[in-house]
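What follows is one structure encoded as structure tokens, with my remarks underneath.
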Ligand code: CP3
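Numbering (the numbering used here), first residue to last: 37 to 389.
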């Protein structure tokens, strides 16, 4: 793979604060980006999405490029994240699903038996030509700013497929995980394969880092995580390792899993707002950077509160070998974008070395 560093100037994404922090190298300031920085909190997003269903937007390169770039025009963030959704690769291999506004992914025929699992095939670049095209165009537009590619983690994807939609208790998912371990392993193995295929498409097209969002894996305890999830996640991270890009791993409510999520092979462990970063440092093995973790709801409080809490996150983050400032989960749709703009600037000012 060609180096992204310009030998004359030493610039290029590989010199960015974001990628350096992922690699636990010295940085000029703590890098910052926001999960779900693109999306419904931005009026310009609502305008371009008008009349375009979510999955259609995810398949139109010019819309993907525009929506990915929108937050970068407002916020001094250190990275862009590819605009898409975790169910896009599943749709691309033929799973009948949709994203319903205000609900999330909905699967027409939930997968609960051997035949359903067996129908999940591997993904090829030809299944997602719009991803290759959009990533390539974005990398050209972004210059020195790295693009984060992403995929859903295997537990979270399995939950959507098995439940048929969003779920509070993951009843059917856990019924399969505990009751039909062979079928569960087959499903998770296939989801890992699809995820590897999909992340490779993004990295080969130019994504400079990847994040695996296993958002709902916090529903599983440590022993079951180790036995039923970790081997599949590890296989994903091992397959991406030779591509040489940092691998970020994030889930919600994963305080008890942080060490294991690092062990699965992430370079950067994402932390939600429930575990202070200095405590997360104690829970994760050495040799990992941390990402997080301001409560996204803090942004509804007056600026003085946001500032005090952001400084606290930065202070605690200094105990990590590398820290990427982020929220503890995605930007909430009613967030005032001006608060986020101020927050990105504050992180840079306070952390400037
Ligand atoms: O800016 C970014 O971070 C990139 C965009 C992004 C989207 N989905 C766009 C989106 C990312 C990274 C995702 C990942 C995703 N999708 C996750 C993991 C991250 C997380 O939040 O934990 C999950 C669990 C999903 C599944 C999903 N898709 C949900 C829960 C929803 C929200 C449903 C709703 O309407 O409240 C979606 C739809 C979705 N994905 C939207 C966006 C902008 C909203 C759809 C719309 O604008 O109509």
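Glycine is no exception: its CB is placed at the ideal position from the N, C-alpha and C atoms.
Rounded separation between residue i and residue j - CA only
{"i": "residue 366", "j": "residue 75", "result": "10 Å"}
{"i": "residue 344", "j": "residue 264", "result": "40 Å"}
{"i": "residue 292", "j": "residue 261", "result": "10 Å"}
{"i": "residue 176", "j": "residue 322", "result": "35 Å"}
{"i": "residue 413", "j": "residue 183", "result": "Limits of the chain in this structure are 37 at one end and 389 at the other, which puts residue 413 out of reach."}
{"i": "residue 247", "j": "residue 228", "result": "14 Å"}
{"i": "residue 244", "j": "residue 59", "result": "12 Å"}
{"i": "residue 120", "j": "residue 143", "result": "17 Å"}
{"i": "residue 156", "j": "residue 150", "result": "10 Å"}
{"i": "residue 115", "j": "residue 230", "result": "25 Å"}
Residue i beta carbon near ligand 1 (any heavy atom closer than 6 Å)
{"i": "residue 394", "result": "Beyond the ends of the chain as shown, which are 37 and 389, falls residue 394; an answer cannot be given."}
{"i": "residue 251", "result": "yes"}
{"i": "residue 135", "result": "yes"}
{"i": "residue 74", "result": "yes"}
{"i": "residue 138", "result": "yes"}
{"i": "residue 90", "result": "yes"}
{"i": "residue 119", "result": "yes"}
{"i": "residue 364", "result": "no"}
{"i": "residue 141", "result": "yes"}
{"i": "residue 213", "result": "no"}
{"i": "residue 122", "result": "yes"}
{"i": "residue 71", "result": "yes"}
Same chain only: Cβ atoms within 7 Å of residue i, ignoring 5 sequence neighbours per side
{"i": "residue 110", "result": "373, 377"}
{"i": "residue 169", "result": "97"}
{"i": "residue 122", "result": "187, 188, 192, 193, 249"}
Contacting residues, own chain, Cβ-Cβ under 6 Å from residue i (five flanking each side not counted)
{"i": "residue 9", "result": "Since the first residue of the chain shown is 37 and the last is 389, residue 9 is not available in this structure."}
{"i": "residue 140", "result": "202"}
{"i": "residue 312", "result": "352"}
{"i": "residue 72", "result": "366, 367"}
Cβ neighbours of residue i in the same chain (closer than 8 Å, five flanking residues each side left out)
{"i": "residue 160", "result": "233"}
Whole runs of the alpha helix (DSSP H) within the stretch 236-306, excluding any shorter than 4 residues
266-276, 294-299
Where are the beta strand (DSSP E) runs, 3 residues long or more, that stay fully inside the stretch 334-376, in chain order? 359-363
* To do: Output the residue ranges of the alpha helix (DSSP H) runs that lie fully inside the stretch 136-177 and measure 4 residues or longer, sorted by chain position.
  => 150-154
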